[in-house]
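Protein chains in written order, with this note's numbering: chain E, 1377 to 1486; chain L, 1377 to 1486; chain D, 1377 to 1486; chain A, 1377 to 1486.
So this is what it looks like as structure tokens:
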């Protein structure tokens, strides 16, 4: 990676971790478990979380100061995804990763 | 497209138009013109605008209610991109498309 | 959009149509219907098709000659998605859109 | 990440590394250096490489067997990007990362 501040590099990696966790958990764990794991509202939120995490990392990599807008959106969606995964249950990895990503993005959004 | 509200379908198409305009203008018009058109802050913002427009459309297509967060980020970045394209000059298409997208996303963000 | 050949502009729009159809059908029709519509192999292929269609359009918009590689991948995955949607049934829109996209991308891949 | 074969997990991470390197090098090193670094053919190829690397990782994360098509496209574009970065010069990180990604994707494409 090019010269980016260490805190931003860490947030990029946290976002990409959360992207990988949400996407692979949705399409492996959730699709295979079925039931409440493929309930539309839950599954769509998992995919939305993967998407905004990927984009939040992307906009930080670009090096524009406007990453604050995407980090704010990412923090908000990760927080909702964590809450929803707690409600569904048996989604501990997602809960933990989404919380960490929300926290990291909140710090980069200011 | 699946059953989405007409206003949301229109916003999805506006976002994808803005994505196409920003990306192709950056990599054709701006790269070929050079000078202030490849000034890092301007070029990065064009790419960031393309990315969040694509993601704003994506989250609306997913059908989660949390598109409000990504529409808000999209409206903010499109507005900045329009202002910056006006400053750079000779970017009328981008200015117009970014303004239209900012306006449409603001309505979907509430 | 910047100056792109008309045939390429048409292929970009066909890819984005297929992206919208696959993504919204997966997360609305398929998630709501359940049963064979959320069978992992089918659902993952729908999401993979949406992703490569989006990327195929992106690489054409960038204006690099290497869009042939992504158009070839897109044609292959769209063709498989069309076949699989026929097998699952009640997915006529997807079948038709994926076939059209496969055909258009095959022409751009040479 | 969900249960994926170790070799596939390694390829996903190699693709995401290459994505990060190409995107941040293009928008930091290349945009700031200018000259042959913002020559349209070079710059567009850097962005195309970033995009297909991201998508190659995405399709492997989804868990569909059709990742072979996207890995093949990724190997081809990474190889071209490595060659082109060698020609431009002063792009050693990109050359190395693109070569590693091409090699890893070729193995996953069979």
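Ideal Cβ placement from N, Cα and C applies to all residues, glycine included.
* To do: Between the Cα of residue 1448(L) and those of 1422(L), 1477(L) and 1386(L), spot the shortest distance and give me the residue it belongs to.
  => Taking the second chain and counting its residues from 1, the one referred to as residue 1448(L) is at position 72. Comparing Cα positions, the closest option is 1477(L).
* Asked: Is it right to say residue 1455(A) is buried, meaning 16 or more other beta carbons lie within 10 angstroms of its own, or is it exposed?
  -> As a first step, residue 1455(A) is located in the fourth chain; it is residue number 79 there, counting from the start. The residue is buried, with at least 16 neighbouring Cβ atoms inside 10 Å.
* **Own chain residues within Cβ distance below 8 Å of residue 1402(A), not counting five before or after** => Position 26 of the fourth chain, counted from the first residue, corresponds to residue 1402(A). Correct list, in chain order: 1419, 1422, 1423 and 1426.
* Asked: Can you tell which of 1474(A), 1472(A), 1392(A) and 1446(A) has its C-alpha closest to the C-alpha of residue 1434(E)?
  -> One-based indexing of the first chain puts residue 1434(E) at position 58. Closest by alpha carbon: 1392(A).
* Asked: By how many angstroms is the C-alpha of residue 1465(A) removed from the C-alpha of residue 1474(E)?
  -> As a working note, residue 1474(E) is residue 98 in the first chain. As a working note, residue 1465(A) is residue 89 in the fourth chain. Straight-line Cα distance between these residues: approximately 40 Å.
* Please confirm if residue 1404(E) has its CB atom under 8 Å from at least one CB of chain A. => Taking the first chain and counting its residues from 1, one reaches residue 1404(E) at position 28. Cβ-Cβ to chain A under 8 Å: yes for residue 1404(E).
* **Local conformation of residue 1479(A) per DSSP, three classes** => The residue labelled residue 1479(A) in the question sits at position 103 within the fourth chain. The answer is helix: DSSP assigns residue 1479(A) an H, G or I state.
* Under the assumption that residue 1451(L) contacts residue 1481(L) (Cβ atoms under 8 Å), give the Cβ distance between them as a whole number of angstroms. => Taking the second chain and counting its residues from 1, the one referred to as residue 1451(L) is at position 75. Taking the second chain and counting its residues from 1, the one referred to as residue 1481(L) is at position 105. Rounded, the Cβ-Cβ distance is 4 Å, consistent with contact.
* Nearest to residue 1460(E) (by Cα), restricted to the options 1389(E), 1390(E) and 1414(E) -> Residue mapping note: residue 1460(E) aligns to position 84 of the first chain, counting from 1. With respect to the C-alpha of residue 1460(E), the residue from 1389(E), 1390(E) and 1414(E) having the closest C-alpha is 1414(E).
* Can you list the residues of chain L that residue 1379(D) reaches, using a CB-CB cut of under 9 Å? -> What you label residue 1379(D) is simply residue 3 of the third chain in a count that begins at 1. Under a criterion of Cβ atoms nearer than 9 Å, the residues of chain L adjacent to residue 1379(D) are, in order, 1400, 1404 and 1405.
* Asked: Between residue 1408(D) and residue 1442(E), what straight-line distance do the alpha-carbon atoms span, to the nearest angstrom?
  -> As a first step, residue 1408(D) must be located in the third chain, where it is residue number 32. As a first step, residue 1442(E) must be located in the first chain, where it is residue number 66. Cα-Cα distance, rounded: 37 Å.
* is_contact[residue 1388(L), chain E] using C-beta, thresh 8 Å -> Taking the second chain and counting its residues from 1, one reaches residue 1388(L) at position 12. No, residue 1388(L) lies away from the interface with chain E (no Cβ there is under 8 Å from its Cβ).
* To do: Would you tell me roughly how many angstroms separate the C-alpha atoms of residue 1387(A) and residue 1410(L), rounded to the nearest one?
  => Counting from one through the fourth chain, the residue named residue 1387(A) turns up at place 11. Counting from one through the second chain, the residue named residue 1410(L) turns up at place 34. One alpha carbon belongs to residue 1387(A), the other to residue 1410(L), and they sit about 36 Å apart.
* To do: Would you list, in chain order, the members of the stretch 1408 to 1424 of chain E that have their beta-carbon closer than 9 Å to a beta-carbon of chain D?
  => Here the close residues are 1408, 1410, 1414, 1415, 1416, 1419, 1420 and 1423.
* Asked: From residue 1429(A) to residue 1453(A), what distance separates their C-alpha atoms?
  -> Along the fourth chain, read from residue 1 onward, the residue named residue 1429(A) stands at position 53. Along the fourth chain, read from residue 1 onward, the residue named residue 1453(A) stands at position 77. Each residue's Cα considered, the two are about 9 Å apart.
* **Residue-chain proximity (residue 1465(E), chain A), Cβ-Cβ < 8 Å** => Residue numbering aside, residue 1465(E) sits at position 89 when the first chain is read from its first letter. Answer no: the Cβ-Cβ gap between residue 1465(E) and chain A never drops below 8 Å.
* **Contacting positions in the stretch 1426 to 1439 of chain L - beta carbon closer than 7 Å to chain E** => 1427, 1428, 1431, 1434, 1435, 1438 and 1439
* **Euclidean distance between Cα positions of residue 1404(L) and residue 1394(L)** => As a working mapping, residue 1404(L) is identified with position 28 in the second chain. As a working mapping, residue 1394(L) is identified with position 18 in the second chain. C-alpha separation (whole angstroms): 15 Å.
* Asked: Between the stretch 1443 to 1454 of chain E and chain L, which residues of the former have a C-beta closer than 7 Å to a C-beta of the latter?
  -> 1445, 1446, 1448, 1449, 1452 and 1453
* **Three-state class that DSSP yields for residue 1452(D) in the structure shown** => For the purposes of this step, residue 1452(D) is identified with residue 76 of the third chain, where counting begins at 1. Annotated three-state conformation of residue 1452(D) is helix, per DSSP.
* To do: Return the residue from the list 1486(L), 1483(L), 1417(L) and 1431(L) that minimises the CA-CA distance to residue 1457(L).
  => Position 81 of the second chain, counted from the first residue, corresponds to residue 1457(L). If you compare the alpha carbons of 1486(L), 1483(L), 1417(L) and 1431(L) with that of residue 1457(L), the shortest gap goes to 1417(L).
* Asked: Distance, Cα to Cα, residue 1383(D) vs residue 1472(E)?
  -> Position 7 of the third chain, counted from the start, is the residue given in the question as residue 1383(D). Position 96 of the first chain, counted from the start, is the residue given in the question as residue 1472(E). Roughly 47 Å separates the two Cα atoms.
* **Spatially closest choice to residue 1385(D) from 1396(L), 1437(L) and 1436(L), by CA coordinates** => For the purposes of this step, residue 1385(D) is taken as residue 9 along the third chain, with counting starting at 1. Among 1396(L), 1437(L) and 1436(L), the Cα nearest to that of residue 1385(D) belongs to 1396(L).
* **Contact set between residue 1482(D) and chain A, taken where Cβ atoms lie within less than 7 Å** => Taking the first residue of the third chain as 1, we reach residue 1482(D) at position 106. The premise fails here: residue 1482(D) is roughly 13 Å from chain A at the closest Cβ pair, so nothing lies under 7 Å.
* Neighbour flag for residue 1475(A) against chain D, beta carbons, 8 Å -> Position 99 of the fourth chain holds residue 1475(A). Not one chain D Cβ lies under 8 Å of residue 1475(A).
* residue 1438(E) versus residue 1431(A) - alpha carbon distance -> Your numbering for residue 1438(E) matches position 62 in the first chain. Your numbering for residue 1431(A) matches position 55 in the fourth chain. Our two residues, residue 1438(E) and residue 1431(A), have alpha carbons roughly 18 Å apart in a direct line.
* When you compare each of 1484(E), 1467(E), 1483(E) and 1479(E) to residue 1398(E) by their alpha carbons, which one comes out closest? -> Against the first chain, residue 1398(E) aligns to sequence position 22. Minimum Cα distance to residue 1398(E) is reached at 1467(E).
* Asked: If you compare alpha carbons, which of 1484(D), 1390(D) and 1479(D) is closest to residue 1440(D)?
  -> In the third chain, residue 1440(D) corresponds to position 64, counting from 1. Cα-wise, what sits closest to residue 1440(D) is 1484(D).
* Closest by CA to residue 1469(E), which one among 1412(E), 1486(E) and 1400(E)? -> Here the question's residue 1469(E) lines up with position 93 in the first chain. Nearest in C-alpha terms to residue 1469(E), of all of 1412(E), 1486(E) and 1400(E), is 1400(E).
* What does residue 1456(D) reach in chain A if we use C-beta pairs closer than 8 Å? -> Numbered from its first residue, the third chain carries residue 1456(D) at position 80. Those are 1442, listed as they occur along chain A.
* **DSSP state of residue 1440(A) mapped onto helix, strand, coil** => As a first step, residue 1440(A) is located in the fourth chain; it is residue number 64 there, counting from the start. Of the three classes helix, strand and coil, the one that applies to residue 1440(A) here is coil, per DSSP.
* Starting from residue 1391(A), trace the alpha helix (DSSP H) both ways and give me its first and last residue. => Residue 1391(A) sits at position 15 when you count from the first residue of the fourth chain. For residue 1391(A), the enclosing alpha helix (DSSP H) covers residues 1382 to 1400.
* To do: To the nearest angstrom, report how far apart residue 1379(E) and residue 1436(E) are at their CA atoms.
  => If you number the first chain from 1, residue 1379(E) lands on position 3. If you number the first chain from 1, residue 1436(E) lands on position 60. Near 12 Å, if we compare the C-alpha coordinates of residue 1436(E) and residue 1379(E).
* Within its chain, find whatever has a CB closer than 7 Å to the CB of residue 1488(E); leave out the 5 residues flanking it on each side and keep chain order. => With chain E running from 1377 to 1486 in the structure shown, residue 1488(E) is simply not present.
* Straight-line CA distance for residue 1462(A) to residue 1486(L)? -> Counted from its first residue, the fourth chain places residue 1462(A) at position 86. Counted from its first residue, the second chain places residue 1486(L) at position 110. Rounded to whole angstroms, residue 1462(A) to residue 1486(L) spans 49 Å at the Cα level.
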